[in-house]
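Participant:
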Amino acid sequence: MEIPDQLRCLFSAQVTEADGTYRLEIPDQEVQLGELSEGETYRVALLDAASDTGDGRATTEPAREGDHPEPPVEEGETLTVDIEDIGDQGDGITRVERGFVVIVPDTEQGERVRIEITDVQQTVAFADVVERLSYYE
39 MEIPDQLRCL FSAQVTEADG TYRLEIPDQE VQLGELSEGE TYRVALLDAA
89 SDTGDGRATT EPAREGDHPE PPVEEGETLT VDIEDIGDQG DGITRVERGF
139 VVIVPDTEQG ERVRIEITDV QQTVAFADVV ERLSYYE
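Reminder that position 79 of the sequence shown reads as 117 in the numbering used here, one-by-one numbering, no gaps.
Here it is as structure tokens:
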């Protein structure tokens with residue numbers, strides 16, 4: 039899936055019905071961190087909440103009220119990733135489990151690198167390059 043440079047945030051939320059309309063709640067931190075502004079209009083993409091069970095089957099678990107999934111990475115974790123895109127600031131962007139965004143400075147689109155996660159926030163993580171790899175490694 040291609041994600042455009044204009045992506046402001048990425049989070050999971052439950053669609054609820056109230057008074058004949060359907061609502062999607064945006065976490066406070068998305069507004070507080072400055073990525074979104076109250077009263078502005080944004081485009082929203084809805085993706086299936088199916089997740090891989092590891093054996094090739096997909097499961098969909100309903101979100102519970104107040105349930106915010108933990109980021110799928112931890113500080114100090116090492117991963118091998120492909121840089122999918124370059125952000126507005128020139129940093130590499132890769133996506134890991136559930137489409138979670140990891141920002142990797144000093145990389146180029148299409149590059150395969152081993153990274154170490156240095157900072158994890160609710161909707162994005164940051165990493166440093168540990169090793170640059172051949173595409174076939």
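C-beta atoms are modelled at their ideal positions from N, C-alpha and C, and glycine is treated no differently.
Along the chain, where does the beta strand (DSSP E) containing valine 158 start, and where does it finish?
Facilitator: Taken as a continuous stretch (DSSP letters only), the beta strand (DSSP E) holding valine 158 covers 150 to 158.
Participant: So for glycine 178, helix, strand or coil by DSSP?
Facilitator: There is simply no residue 178 to check, as the chain begins at 39 and stops at 175 in what is shown.
Participant: Report the partner residues of alanine 165 according to the DSSP bridge assignment.
Facilitator: The partner list for alanine 165 (beta bridge, DSSP) reads Ile155.
Participant: State the start and end residues of the unbroken beta strand (DSSP E) segment that holds aspartate 120.
Facilitator: Where aspartate 120 is concerned, the enclosing beta strand (DSSP E) stretches over 116 to 120.
Participant: Our contact map puts valine 167 next to threonine 132 with C-beta atoms below 8 Å; I'd like the distance itself, whole angstroms only.
Facilitator: Not a contact, Cβ separation roughly 11 Å.
Participant: Would you tell me roughly how many angstroms separate the C-alpha atoms of glutamate 169 and valine 151, rounded to the nearest one?
Facilitator: Glutamate 169 and valine 151: Cα-Cα distance of roughly 6 Å.
Participant: Is aspartate 129 helix, strand or coil by DSSP?
Facilitator: Note: aspartate 129 maps to coil in three-state DSSP.
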